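Asks:
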Amino acid sequence: MVRLLGPQDRLLSTIEKQHPGVDVLVRGNHVTLSGPASDVAAARALVDELVQLVRSGADLGPVEVASSARILGSGSGSPAELLSQAILTSRGKSIRPKTLGQKNYVDAIDQNTIVFGIGPAGTGKTYLAMAKAVQALQRKEVDRIILSRPAIEAGERLGFLPGTLTDKIDPYLRPLYDALNEMMDPELVPKLLASGTVEVAPLAYMRGRTLNNSFVVLDEAQNTTPEQMKMFLTRLGFGSRMVVTGDITQVDLPAGASGLQLVTKVLAGIDDIYFARLTSEDVVRHSLVGQIVDAYTKYDAQKQLEKFERGEKSRPAGRKNRR
1 MVRLLGPQDR
11 LLSTIEKQHP
21 GVDVLVRGNH
31 VTLSGPASDV
41 AAARALVDEL
51 VQLVRSGADL
61 GPVEVASSAR
71 ILGSGSGSPA
81 ELLSQAILTS
91 RGKSIRPKTL
101 GQKNYVDAID
111 QNTIVFGIGP
121 AGTGKTYLAM
131 AKAVQALQRK
141 EVDRIILSRP
151 AIEAGERLGF
161 LPGTLTDKID
171 PYLRPLYDAL
181 NEMMDPELVP
191 KLLASGTVEV
201 APLAYMRGRT
211 LNNSFVVLDE
221 AQNTTPEQMK
231 MFLTRLGFGS
241 RMVVTGDITQ
251 VDLPAGASGL
261 QLVTKVLAGI
271 DDIYFARLTS
281 EDVVRHSLVG
291 QIVDAYTKYD
301 AQKQLEKFER
311 GEKSRPAGRK
321 NRR
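Numbering of the sequence shown is given in UniProt numbering, commencing with residue 1 and proceeding in unit increments.
This is the structure:
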């Protein structure tokens, strides 16, 4: 019951929030639901699914409760079946998709050679891609993992950084190292890096290479130029898979178009290439992150509309009607 409702029954309020017409009462190991029959039936289905998730070893949080309620509401299937399969288990912690969007993203990586994971911060794009890469290496489906990011500053000029070239680029690649250490034995990671089985490198190092039998992940792809994106995708060799992740609303390029924005138009409809689009509903960080994403999306849409309307008003009347 503690795993179902959380410490001090913290998840109880989350369940009640999903079904505001139902009163939930917990005494010992008994949960009592009261309210309109249809609402009680929906709430019971949610509680039953959460019980199954707990029995499968999942750790419940507000994200899992809300996601399970959305899956049931959309009729997409059983949350316990969709969200219970772990990708990796590391140091007692299971890494698994927590939303329907994440589940579709993970399935797409299994079924396609190149997958683009596009969505806002906190949706698990890179984390799940790296989990699939480690899983593929452990299963001997690939010989090595290659992780890459463009070395672009996020709106700040950092100036001269001391040290060797590796010292200079490591700060840009630190998130990838952190995720590796979380998913693998920290003592094993340096050995894999030294042997080349796992490689973490800036995007500039990819030119001229052919990557065979590899699981390749490109993170922060919104900061690639169209030329860099083409260069990276054409590194694909035999027996390899690629996952490209990014958030097209957070482009840090000083000027010019984002390669991630362009590639969605250029490669749309090609077999064995899949575009997984995650939304604020797939955010697995603090609940405020999803609200922040929605607020900025609404703000940007309003600004685009105002810009369009100003352009229409400033255009001469004769040209407005010209076809």
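Where a beta carbon is used, it is the ideal one built from N, C-alpha and C, also for glycine. Since we're looking at a predicted model, the values are computed, not measured.
#1: Spatial neighbours of residue 133 within its chain, please: CB distance less than 7 Å, with the 5 preceding and 5 following residues excluded, ordered by chain position.
#2: Does the separation of the CB atoms of residue 56 and residue 99 fall below 8 Å?
#3: Could you give the C-beta distance for residue 3 and residue 54, rounded to a whole number, given that I count them as a contact under 8 Å?
#4: Given residue 114, which residues of its chain have a CB within under 6 Å of its CB, disregarding the five upstream and five downstream residues?
#5: Exposed or buried, what is residue 43 when buried is set at 16 or more other beta-carbons lying within 10 Å of its beta-carbon?
#6: On the criterion of 16 or more Cβ atoms from any shown chain inside 10 Å, does residue 220 qualify as buried, or is it exposed?
#7: Leaving out five residues before and five after residue 20 in sequence, what residues of the same chain have Cβ atoms less than 8 Å from its Cβ?
#8: Along the chain, where does the beta strand (DSSP E) containing residue 221 start, and where does it finish?
#9: For the alpha helix (DSSP H) holding residue 14, just list the boundary residues, first then last.
#10: Helix or strand or just coil, what does DSSP make of residue 186?
#11: Taking Cβ positions, are residue 126 and residue 245 nearer each other than 8 Å?
#12: Taking all protein chains shown into account, do 16 or more other C-beta atoms lie within 10 angstroms of the C-beta of residue 237, making it buried, or fewer, making it exposed?
#13: State the beta-bridge partners of residue 200 as determined by DSSP.
#14: Is it true that the CB of residue 95 sits closer than 8 Å to the CB of residue 131?
#15: For a test of the three-state rule: what should DSSP assign to residue 310, helix, strand or coil?
#16: Starting from the C-beta of residue 45, find all residues in its chain whose C-beta is less than 8 Å away, skip the five residues before and the five after it, and write them out in chain order.
#17: Does the beta-carbon of residue 240 have 16 or more other beta-carbons within 10 angstroms, so that it is buried, or is it exposed?
#18: If you measure between the beta carbons of residue 180 and residue 223, is that distance less than 8 Å?
#19: Suppose you measure from the CA of residue 79 to the CA of residue 49; what does that come to, to the nearest Å?
#20: Measure the beta-carbon distance from residue 26 to residue 5 and round it to whole angstroms, keeping in mind my assumption that it falls under 8 Å.
#21: Please report the straight-line C-alpha distance between residue 89 and residue 185, rounded to a whole angstrom.
#22: Could you tell me the distance, in whole angstroms, from the CA atom of residue 74 to the CA atom of residue 275?
#23: Out of 251, 207, 211, state which residue places its alpha-carbon closest to the alpha-carbon of residue 230.
#24: Can you give me the Cβ contacts of residue 102 inside the same chain, cut-off strictly under 8 Å, excluding the 5 residues immediately before and after it?
Replies: Put simply:
#1: On the sequence shown, position 133 is the one that residue 133 refers to. Within the same chain, 145, 215, 217 come within 7 Å of residue 133 by CB-CB distance, once the 5 residues on both sides are set aside.
#2: For the purposes of this step, residue 56 is taken as the residue at position 56 of the sequence shown. For the purposes of this step, residue 99 is taken as the residue at position 99 of the sequence shown. The answer is no: Cβ separation not under 8 Å.
#3: Your numbering for residue 3 matches position 3 in the sequence shown. Your numbering for residue 54 matches position 54 in the sequence shown. That belief holds up - the Cβ atoms of residue 3 and residue 54 are roughly 5 Å apart, short of 8 Å.
#4: Translated into the one-based positions of the sequence shown, residue 114 becomes position 114. Excluding positions up to five away in sequence, the list reads 242, 273.
#5: Start at 1 with the first residue of the sequence shown, and residue 43 comes out as number 43. Answer is buried; the Cβ neighbour count reaches 16.
#6: Residue numbering aside, residue 220 sits at position 220 when the sequence shown is read from its first letter. Result: buried.
#7: For the purposes of this step, residue 20 is taken as the residue at position 20 of the sequence shown. So the list is empty, once near-sequence residues are dropped.
#8: Indexing the sequence shown from 1 puts residue 221 at position 221. That residue, residue 221, is in no beta strand (DSSP E); it is neither H nor E in DSSP.
#9: Along the sequence shown, read from residue 1 onward, the residue named residue 14 stands at position 14. Note, residue 14: alpha helix (DSSP H), 10-18.
#10: Residue mapping note: residue 186 aligns to position 186 of the sequence shown, counting from 1. Residue 186 falls in the coil class under three-state DSSP.
#11: Here residue 126 refers to the residue found at position 126 when the sequence shown is read from its first residue. Here residue 245 refers to the residue found at position 245 when the sequence shown is read from its first residue. Yes; because the gap between Cβ atoms is below 8 Å, this pair is in contact.
#12: Translated into the one-based positions of the sequence shown, residue 237 becomes position 237. By the neighbour-count criterion, in which 16 or more other beta carbons inside 10 Å mark a residue as buried, residue 237 falls on the exposed side.
#13: By 1-based counting over the sequence shown, the position of residue 200 is 200. DSSP lists 147 as partners of residue 200.
#14: Within the sequence shown, residue 131 is the residue found at index 131, counting from 1. Within the sequence shown, residue 95 is the residue found at index 95, counting from 1. It is a contact, given that the beta carbons lie within the stated cut-off.
#15: In the sequence shown, counting from the first residue as 1, residue 310 sits at position 310. The answer is helix: DSSP assigns residue 310 an H, G or I state.
#16: On the sequence shown, position 45 is the one that residue 45 refers to. Contacts found: 72.
#17: As a first step, residue 240 is located in the sequence shown; it is residue number 240 there, counting from the start. Buried, because 16 or more other Cβ atoms sit within 10 Å of the Cβ of residue 240.
#18: The residue labelled residue 180 in the question sits at position 180 within the sequence shown. The residue labelled residue 223 in the question sits at position 223 within the sequence shown. No, the Cβ-Cβ distance between residue 180 and residue 223 is not below 8 Å.
#19: As a first step, residue 79 is located in the sequence shown; it is residue number 79 there, counting from the start. As a first step, residue 49 is located in the sequence shown; it is residue number 49 there, counting from the start. Between residue 79 and residue 49, the alpha-carbon positions lie close to 6 Å from each other.
#20: For the purposes of this step, residue 26 is identified with residue 26 of the sequence shown, where counting begins at 1. For the purposes of this step, residue 5 is identified with residue 5 of the sequence shown, where counting begins at 1. Indeed they touch by this definition, with Cβ atoms about 6 Å apart.
#21: On the sequence shown, residue 89 is found 89 positions in, with the first residue counted as 1. On the sequence shown, residue 185 is found 185 positions in, with the first residue counted as 1. Pairing residue 89 with residue 185, the inter-Cα distance amounts to about 11 Å.
#22: Looking up residue 74 in the sequence shown gives position 74. Looking up residue 275 in the sequence shown gives position 275. Distance between the alpha carbons of residue 74 and residue 275: 22 Å.
#23: Taking the first residue of the sequence shown as 1, we reach residue 230 at position 230. When each option's Cα is compared against that of residue 230, the closest is 207.
#24: Locating residue 102 in the sequence shown gives position 102, counting from the first residue. Excluding residues within five positions, the ones whose Cβ falls inside 8 Å are 123, 124, 128, 278, 282, 284.
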